[in-house]
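Chemist: Here it is, the structure in full.
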Amino acid sequence: MFIRLIVIICFLLLPPSVIADPLKPRLYDIDQNQSFARFVTKMCTADIIKGEFLNFSGQIYFDEWEPTNSWIDVTLDASSLSLDHEFHKDEILKDIIEGSKILKTSLFSTIKLKSTKIERTSINTGIMVADLTLVGETHPITLEITFENKMTDRYATKIDPNKVSFSAYGTFKRSEWNVLYGLDRVGIRRMSDDVQVFISAVANLHNDAEDTQPK
Numbered sequence: 399m400f401i402r403l404i405v406i407i408c409f410l411l412l413p414p415s416v417i418a419d420p421l422k423p424r425l426y427d428i429d430q431n432q433s434f435a436r437f438v439t440k441m442c443t444a445d446i447i448k449g450e451f452l453n454f455s456g457q458i459y460f461d462e463w464e465p466t467n468s469w470i471d472v473t474l475d476a477s478s479l480s481l482d483h484e485f486h487k488d489e490i491l492k493d494i495i496e497g498s499k500i501l502k503t504s505l506f507s508t509i510k511l512k513s514t515k516i517e518r519t520s521i522n523t524g525i526m527v528a529d530l531t532l533v534g535e536t537h538p539i540t541l542e543i544t545f546e547n548k549m550t551d552r553y554a555t556k557i558d559p560n561k562v563s564f565s566a567y568g569t570f571k572r573s574e575w576n577v578l579y580g581l582d583r584v585g586i587r588r589m590s591d592d593v594q595v596f597i598s599a600v601a602n603l604h605n606d607a608e609d610t611q612p613k
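Basically my numbering = 1-based index in the sequence shown + 398.
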């Protein structure tokens with residue numbers, strides 16, 4: 399009760415245009431230029447891969463009063479991969495990952511992440527369960543998530559009520575999506591089954607947000 403009272407007082411200090419309906423759930427479009435979707439895994443014990451998908455889009459439905467009603471929906475272009483190094487041994491690493499051995503981008507052009515449940519763990523953090531669609535298969539993944547209900551400018555001197563941001567982190571086993579390349583190797587040559595994912599997104603208020611209802 400005390401925390402909600404403080405939130406209300408803070409919003410009363412904002413301009414009238416902002417406080418007209420400050421806690422109404424709203425839909426936001428992810429700004430690709432201010433966001434990223436990255437991963438880390440191992441091609442073998444000694445070869446750590448860091449990658450990023452450069453093209454993606456998505457939306458955030460953010461219920462500031464009851465964050466558990468919020469949802470996130472992101473689609474990545476599977477062939478927009480950028481990697482921190484070019485070769486694995488004598489092979490082009492991008493060709494390995496985008497080809498028939500792993501992502502099969504000629505058959506599956508997108509990777510999708512859509513939240514199914516958000517549990518609040520603090521005033522701005524939570525656990526998100528989401529459906530991850532990878533190489534045509536959809537399975538749940540659990541991510542630690544942090545919501546920032548209002549973005550400030552770079553100097554943290556003002557609030558922008560038309561933006562939200564979130565960050566998410568988690569690990570999944572690619573074998574659960576039947577991506578098995580390199581898992582039959584032994585010793586130092588064995589590829590890692592674990593893939594760590596990192597998402598940071600800034601989103602702008604959707605033009606038709608006033609008429610949007612939760613999915």
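The beta-carbon is built from N, C-alpha and C at its ideal position, and this holds for glycine as well.
Kindly indicate the opening and closing residues of the alpha helix (DSSP H) around residue 492.
Modeler: Along the sequence shown, read from residue 1 onward, the residue named residue 492 stands at position 94. Looking at the DSSP string, the run of the alpha helix (DSSP H) that includes residue 492 is 491-496.
Chemist: Hey, would you say residue 477 sits closer than 8 Å to residue 462, going by beta carbons?
Modeler: For this step, residue 477 is matched to residue 79 along the sequence shown. For this step, residue 462 is matched to residue 64 along the sequence shown. Cβ distance not < 8 Å, so residue 477 and residue 462 don't count as in contact.
Chemist: Should residue 572 go down as buried or exposed, given a rule of 16 or more other Cβ atoms within 10 Å for buried?
Modeler: Here residue 572 refers to the residue found at position 174 when the sequence shown is read from its first residue. Label assigned to residue 572: buried.
Chemist: Quick check on residue 516: does DSSP put it in helix, strand or coil?
Modeler: As a working mapping, residue 516 is identified with position 118 in the sequence shown. If DSSP states are grouped into helix, strand and coil, residue 516 belongs with the strands.
Chemist: Is DSSP giving residue 477 helix, strand or coil here?
Modeler: For the purposes of this step, residue 477 is taken as residue 79 along the sequence shown, with counting starting at 1. It is coil, neither helix nor strand.
Chemist: Can the beta-carbon of residue 523 be found closer than 8 Å to that of residue 543?
Modeler: Indexing the sequence shown from 1 puts residue 523 at position 125. Indexing the sequence shown from 1 puts residue 543 at position 145. Cβ distance < 8 Å, so residue 523 and residue 543 count as in contact.
Chemist: Between the segment 447-457 and the segment 431-438, do at least 3 Cβ pairs fall closer than 8 Å?
Modeler: Judged by Cβ distances under 8 Å, the segment 447-457 makes contact with the segment 431-438, as three or more pairs qualify.
Chemist: In the DSSP assignment, find the unbroken beta strand (DSSP E) run with residue 565 in it and report its ends.
Modeler: Taking the first residue of the sequence shown as 1, we reach residue 565 at position 167. Start and end: 561-571.
Chemist: When you compare only the Cα positions, how much space is there between residue 508 and residue 559?
Modeler: Mapped onto the sequence shown, residue 508 falls at position 110. Mapped onto the sequence shown, residue 559 falls at position 161. Going by the C-alpha atoms only, they are around 31 Å apart.
Chemist: Which same chain residues end up closer than 8 Å to residue 581 when comparing Cβ atoms and leaving out the 5 residues on each side of it in sequence?
Modeler: In the sequence shown, counting from the first residue as 1, residue 581 sits at position 183. 573, 588, 589 and 591.
Chemist: What's the gap between the Cα of residue 535 and the Cα of residue 593?
Modeler: Working through the sequence shown from its first residue, we reach residue 535 at position 137. Working through the sequence shown from its first residue, we reach residue 593 at position 195. Whole-angstrom Cα-Cα distance: 16 Å.
Chemist: Let me confirm a value: residue 404 is counted as buried when at least 16 other C-beta atoms fall within 10 Å, else exposed. Which label applies?
Modeler: By 1-based counting over the sequence shown, the position of residue 404 is 6. Low per-residue confidence applies at residue 404: pLDDT is 46, beneath 50, and the placement is therefore not dependable enough to give any value.
Chemist: So what's residue 538 in DSSP terms, helix, strand or just coil?
Modeler: Within the sequence shown, the letter at position 140 stands for residue 538. Strand.
Chemist: How is the beta strand (DSSP E) around residue 424 delimited, first residue to last?
Modeler: Position 26 of the sequence shown, counting from 1, holds the residue named residue 424. Residues 424-428.
Chemist: For residue 529, tell me which candidate among 519, 514, 567 and 585 has the shortest Cα-Cα distance.
Modeler: In the sequence shown, the residue the question calls residue 529 occupies position 131. Considering only alpha carbons, the answer is 514.
Chemist: Can you give me the C-alpha to C-alpha distance between residue 595 and residue 448, rounded to a whole angstrom?
Modeler: Position 197 of the sequence shown, counted from the first residue, corresponds to residue 595. Position 50 of the sequence shown, counted from the first residue, corresponds to residue 448. Roughly 10 Å between the two C-alpha positions.
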